[in-house]
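Quick note, in our numbering, the sequence shown goes up one by one and the last residue is 182. The structure under discussion appears below in the form of structure tokens.
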Amino acid sequence: MKTTTDTYYDHGTAAERWERARLFFDAKDYAAAARVLGGLVEEVPEQTAPRLLLARAYYHSAQLRRAEAELLVLVERDPVEQYARLLLGRTLQRQGRHEEATPHMKLASALAGDFE
Numbered sequence: 067m068k069t070t071t072d073t074y075y076d077h078g079t080a081a082e083r084w085e086r087a088r089l090f091f092d093a094k095d096y097a098a099a100a101r102v103l104g105g106l107v108e109e110v111p112e113q114t115a116p117r118l119l120l121a122r123a124y125y126h127s128a129q130l131r132r133a134e135a136e137l138l139v140l141v142e143r144d145p146v147e148q149y150a151r152l153l154l155g156r157t158l159q160r161q162g163r164h165e166e167a168t169p170h171m172k173l174a175s176a177l178a179g180d181f182e
């Protein structure tokens, strides 16, 4: 049985839920954005934008392991996705895993055109 809260987060078309998630994210309600985006990513797993915004919502709400999992899916699917690499590096850094973060940060810099 779905509760009213579940229905609210899952209600509407994919486009409506995407817009709702973006509104929550823009309002810095990252946990609510993640709740909407989680269902959306399950529905359209091939789409990059919802998964990337979900990873960002997890990152900003300090759900770092979840952010890492979503970002790993993205970089496995598209190894040259610059922002996903950057956010993965930062996510690993926030977890104190600096050595693991380094190659992702370097690759993100190179993909952005910063070769220093």
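Here a beta-carbon is modelled for each residue, glycine too, at the ideal position from N, C-alpha and C.
Kindly indicate which residue of the options has the alpha-carbon position closest to the one of residue i.
i, options, result
"ARG101", "VAL110, LEU138, TYR124 and GLU82", "TYR124"
"GLN148", "ALA174, ALA167, SER127 and LEU137", "ALA174"
"HIS126", "THR168, TYR75, MET171 and ASP95", "ASP95"
"LEU118", "LEU137, ALA81 and GLY105", "LEU137"
"LEU103", "ASP76, ASP144, ASP92 and ALA93", "ASP76"
Does DSSP put residue i in a helix, in a strand, or in coil?
i, result
"LYS94", "coil"
"ARG163", "coil"
"SER175", "helix"
"VAL110", "coil"
"ASP180", "coil"
"HIS170", "helix"
"GLN148", "helix"
"ALA81", "helix"
"ALA99", "helix"
In or out: residue i buried (at least 16 other Cβ within 10 Å) or exposed?
i, result
"GLU85", "exposed"
"ARG131", "exposed"
"MET67", "Because the pLDDT at MET67 is just 45, under 50, the model does not fix this residue reliably, and the value given afterwards should be weighed accordingly. Exposed, because fewer than 16 other Cβ atoms sit within 10 Å of the Cβ of MET67."
"GLY155", "buried"
"ARG83", "buried"
Going along the chain, which residues of its own chain have a beta-carbon closer than 7 Å to the beta-carbon of residue i, five neighbours each way excluded?
i, result
"ALA98", "PHE90"
"ARG151", "VAL141, HIS170, LEU173, ALA174 and LEU177"
"VAL146", "LEU177"
"VAL139", "ARG117"
Excluding sequence positions up to five away, which residues of its chain have a Cβ less than 8 Å from the Cβ of residue i?
i, result
"LEU158", "GLU134, HIS164, GLU166, ALA167 and HIS170"
Among residues of its own chain, excluding the 5 on either side of residue i, which ones have a beta-carbon nearer than 6 Å to its beta-carbon?
i, result
"ARG160", "LEU130"
"VAL107", "PRO116, ARG117 and LEU120"
Look at the alpha carbon of residue i and the alpha carbon of residue j, and state the distance between them as a whole number of angstroms.
i, j, result
"GLY179", "TYR74", "42 Å"
"LEU153", "PRO111", "19 Å"
"ALA122", "GLY105", "Sequence check: residue 122 is Arg here, not Ala. Between ARG122 and GLY105, the C-alpha separation is close to 15 Å."
"GLY78", "ALA87", "12 Å"
"ALA81", "GLY162", "37 Å"
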